[in-house]
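Q: Just so you know, the UniProt record's numbering puts 37 at position 37 of the sequence shown, and the rest follows in order with no gaps.
Below is the structure I would like to discuss, written out as structure tokens.
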Amino acid sequence: MGYIDGDTFLTTESFDVCLRATAAWIRAVDLVAASSGSASMALTRPPGHHATKSVSNGFCIFNFGAAAALHVLQDPNKRVSVIDWDVHYGQGVADILENCPRARYVSIHQSPAFPYMGEKLTVEGKHENVYTIPMPPETSWTCGYEQLFEKAIHFACEPGKWEPDVVIVCAGYDALDSDDLASACLTAADFGKMTSRLYEHLANTRPDRMPSIVIGLEGGYQL
């Protein structure tokens, strides 16, 4: 056991820990999938959104957010959106979901920053279901982030065009102004605004059947 890249370390317990974390995210989906507008949260470690179909990297071994999304899609009548507000681009989620026509993925992330991908504001994929929203270093809620967040939530749920049954949030908190692994400038209160604004948007755009929300922990290294 040891490092598999410059950041990612394996121990004899890693496989079991990641299986349990995957199960927690899937359980979080099951808790809310049958009821409109309900919410759940999976508090797990390590993070997962950098892990691709074939490569573990960036502290991530298994991709829990993508696994949860694929679990939703086991019902052929359901759609899922994944919003990633970790400060780093979750290239693993994009890799896994880009070929799924009933899934959308949108990421707001610092650029330049690891993994040095998703550096253009663009919609990608043959199903046009991956939206990358880069932000410059030092971005704060009032100086740019709020506007970018509005783009993200409108892509995740568009009335009459894209109406998901479940919205999964890859909730990294390393965009916090005190986090040393990036240089974004959000505060703890800003993350509360993001959660409230997401809920408000989903409630207003789908009042007949508001999507359920699953929030799962990704990055964030400052308590």
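Cβ atoms here follow ideal geometry from the backbone N, Cα and C, with glycine treated the same way.
#1: Here's the rule: buried if 16 or more other CB atoms are within 10 angstroms of the residue's CB, otherwise exposed. What is D75?
#2: List, from N- to C-terminal side, the alpha helix (DSSP H) runs of 4 residues or more that fit wholly inside the segment 167-218.
#3: Contact check, G192 vs D86 under 8 Å by CB: the rounded distance?
#4: Name the two residues that bound the continuous alpha helix (DSSP H) containing V29.
#5: Using CA atoms only, rank isn't needed, just tell me which of R102, Y89, R209 and R27 is closest to V215.
#6: Taking H71 as the reference, give the member of Y3, V106, V29 and T132 with the closest Cα.
#7: Touch check for the segment 130-148 and the segment 60-69: three-plus C-beta pairs under 8 Å?
#8: Measuring straight from C-alpha to C-alpha, what distance separates G219 and T12?
#9: For P211 versus V167, is the C-beta spacing smaller than 8 Å?
#10: Which residues in the same chain as A94 place their Cβ atom closer than 6 Å to its Cβ, once the five residues preceding and following it in sequence are excluded?
#11: Buried or exposed: where does Y145 fall if 16 or more other Cβ atoms within 10 Å of its Cβ makes it buried?
#12: Considering just the uninterrupted stretch of the alpha helix (DSSP H) at Y145, what are its terminal residues?
#13: My understanding is that I96 touches K53, with C-beta atoms under 8 Å, so please give their C-beta distance in whole angstroms.
#14: Is the beta carbon of Q222 less than 8 Å from the beta carbon of L176?
#15: Report the three-state DSSP secondary structure of I133 (helix, strand or coil).
#16: Going by DSSP in three states, I96 sits in which element: helix, strand or coil?
A: Taking the coordinates as given:
#1: On the sequence shown, position 75 is the one that residue 75 refers to. Its Cβ having fewer than 16 others within 10 Å, D75 is exposed.
#2: 188-205
#3: Stepping through the sequence shown from its first residue, residue 192 is reached at position 192. Stepping through the sequence shown from its first residue, residue 86 is reached at position 86. Rounded, the Cβ-Cβ distance is 17 Å, inconsistent with contact.
#4: Position 29 of the sequence shown, counted from the first residue, corresponds to residue 29. S14 to V32 is the span of the alpha helix (DSSP H), which, as asked, contains V29.
#5: The sequence position of residue 215 within the sequence shown is 215, counting from 1. Just to set this straight, residue 215 is Ile in the shown sequence, not Val. Of the residues R102, Y89, R209 and R27, the one whose Cα lies closest to the Cα of I215 is R27.
#6: Residue numbering aside, residue 71 sits at position 71 when the sequence shown is read from its first letter. It is V29.
#7: No, because fewer than three Cβ pairs between the segment 130-148 and the segment 60-69 fall closer than 8 Å, the two stretches do not touch.
#8: The count along the sequence shown starts at 1 and reaches residue 219 at position 219. The count along the sequence shown starts at 1 and reaches residue 12 at position 12. Taking the straight line joining both Cα atoms gives about 22 Å.
#9: Here residue 211 is taken as the residue at index 211 of the sequence shown, counted from 1. Here residue 167 is taken as the residue at index 167 of the sequence shown, counted from 1. It is a contact, given that the beta carbons lie within the stated cut-off.
#10: Mapped onto the sequence shown, residue 94 falls at position 94. Here the set comprises Y105 and V130.
#11: Taking the sequence shown and counting its residues from 1, one reaches residue 145 at position 145. It counts as buried.
#12: By one-based count along the sequence shown, residue 145 stands at place 145. Y145 to A156 is the span of the alpha helix (DSSP H), which, as asked, contains Y145.
#13: As a working note, residue 96 is residue 96 in the sequence shown. As a working note, residue 53 is residue 53 in the sequence shown. About 6 Å; that satisfies the 8 Å criterion.
#14: For the purposes of this step, residue 222 is taken as the residue at position 222 of the sequence shown. For the purposes of this step, residue 176 is taken as the residue at position 176 of the sequence shown. Yes, Cβ-Cβ distance for Q222 and L176 is below 8 Å.
#15: Translated into positions along the sequence shown, residue 133 becomes position 133. I133: strand per DSSP, three-state reduction.
#16: In the sequence shown, residue 96 corresponds to position 96, counting from 1. Helix, per DSSP.
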